[in-house]
Amino acid sequence: MKIRSTYRMVAIGLLLAATSIAFAQETPDKAIFAATNAARVQHGMQPLTWDNTLAIAAQAHAEIMALQPQLSHQYPGEDALDLRAAQAGAHFQAIAENIALGPDVNTLQREWMNSTPHRTNILDPNLTAMGVAVIKNHGELYAVVDFSRSVAAMTREQVEQQVAMLLTQRGITVSGPKQDARQTCEMEHGGAGASQPLFRMRWQSSDLSRLPDAIDTELKTGRYHSAAVGACSSTTGEGAFTTFRVAVLLY
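In this text, residue positions in the sequence shown follow the working numbering: the first is 12, and each later residue adds one.
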């Protein structure tokens with residue numbers, strides 16, 4: 012029994028040593044990714060997926076941060092986090108960021124977990140993705156972690172189909188002039204085309220699981236029987252949660 016126990020302890024030691032070597036061989040960004048997900052799993056949460064677009068946004072900020080005397084989430088002349096992420100190609104409903112400066116990954120992770128705002132981001136159950144960038148400068152690691160609740164990238168047709176389905180579920184036939192709706196979507200005011208809708212509305216959102224309250228209120232009046240739906244490119248930078256831009260014309 013004593014010999015077996017010794018063999019078992021040796022085997023465990025070799026396994027831990029192999030794990031430590033593997034961790035040491037990871038790049039700092041992937042080490043932070045692994046440490047973050049380990050913390051989430053430890054607290055009974057789902058791990059985050061790696062998002063290259065968030066990593067690109069994080070890299071751009073880390074390059075600026077490494078040249079500055081102080082840490083900041085936004086420097087003079089730099090775009091805000093939501094716009095940086097959108098410009099990098101991220102699609103999201105929510106976004107957050109952790110930044111830190113330290114000698115190694117373990118120190119960075121310990122600082123984040125001991126800071127309530129940073130720990131909240133790491134353990135936020137509503138977030139689903141992350142991207143990390145780390146730059147070494149003068150022996151220190153400048154780390155940026157961008158988190159998001161990601162949404163799938165959708166084509167214009169897919170957006171229109173999703174909104175049309177919501178209208179159909181409310182008894183509205185989506186048979187109106189799509190081109191009028193698309194052109195109206197591109198406009199800031201008024202409407203396009205020769206059709207005469209009784210109600211028109213355009214909005215931006217990353218959540219296409221429900222219609223805006225204003226449309227729901229109109230539909231409850233029973234005045235409308237058909238609709239036209241048009242989608243267009245969203246105007247990035249109008250808010251952290253703007254991804255899709257849609258127009259609905261009710262007849």
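Yeah, the Cβ is synthetic: ideal placement off N, Cα and C, and Gly gets one too.
For residue i, the three-state DSSP class (helix, strand or coil)
{"i": "A33", "result": "Caution is warranted here: a pLDDT of 48 is assigned to A33, below 50, making its placement in the model unreliable, and the coordinate value is therefore given only provisionally. It is helical."}
{"i": "A192", "result": "helix"}
{"i": "L261", "result": "strand"}
{"i": "N7", "result": "The chain is shown only over 12 to 262; residue 7 falls outside these bounds and no answer can be derived."}
{"i": "E199", "result": "coil"}
{"i": "Q207", "result": "coil"}
{"i": "Q57", "result": "coil"}
{"i": "N117", "result": "helix"}
Selection from the options that minimises the alpha carbon distance to residue i
{"i": "G202", "options": "G241, R234, N48 and G182", "result": "G241"}
{"i": "L219", "options": "S237, A175, V185 and E229", "result": "A175"}
{"i": "S159", "options": "N109, Q85 and I43", "result": "N109"}
{"i": "L233", "options": "Q215, I183 and A192", "result": "First, the amino acid is wrong: residue 233 is Gly here, not Leu. Answer by Cα proximity: I183."}
{"i": "S237", "options": "W214, L178 and R121", "result": "L178"}
{"i": "A163", "options": "A45, T64, M56 and P58", "result": "T64"}
{"i": "S206", "options": "H200, A192, L138 and L78", "result": "A192"}
{"i": "H181", "options": "I226, A99 and V257", "result": "This sequence places Arg at residue 181; His is not what is there. Nearest of I226, A99 and V257 to R181, Cα basis: I226."}
Per DSSP, the bridge partner or partners of residue i
{"i": "C243", "result": "R256"}
{"i": "V185", "result": "A238"}
{"i": "I110", "result": "V155"}
{"i": "G142", "result": "D157"}
Through-space distance from residue j to residue i, alpha-carbon basis
{"i": "A49", "j": "F103", "result": "23 angstroms"}
{"i": "V259", "j": "A97", "result": "25 angstroms"}
{"i": "L209", "j": "A101", "result": "36 angstroms"}
{"i": "F34", "j": "D62", "result": "In this prediction, F34 has a pLDDT of 47, which is less than 50 and means its spatial position is unreliable; nothing more can be read from the coordinates."}
{"i": "V143", "j": "V156", "result": "5 angstroms"}
{"i": "Y262", "j": "S244", "result": "24 angstroms"}
{"i": "T38", "j": "F255", "result": "35 angstroms"}
{"i": "I146", "j": "G187", "result": "53 angstroms"}
{"i": "G113", "j": "S216", "result": "37 angstroms"}
{"i": "A68", "j": "K231", "result": "43 angstroms"}
{"i": "C196", "j": "A140", "result": "30 angstroms"}
{"i": "A154", "j": "D40", "result": "8 angstroms"}
{"i": "D115", "j": "L152", "result": "6 angstroms"}
{"i": "A71", "j": "R121", "result": "24 angstroms"}
{"i": "I133", "j": "Q169", "result": "32 angstroms"}
Enclosing beta strand (DSSP E) for residue i [first to last residue]
{"i": "L152", "result": "E151 to S161"}
Limits of the unbroken alpha helix (DSSP H) element including residue i
{"i": "R211", "result": "Premise fails: R211 lies in the beta strand (DSSP E), F210 to S216, not in any alpha helix (DSSP H)."}
{"i": "A73", "result": "N63 to M76"}
{"i": "D224", "result": "D224 to L230"}
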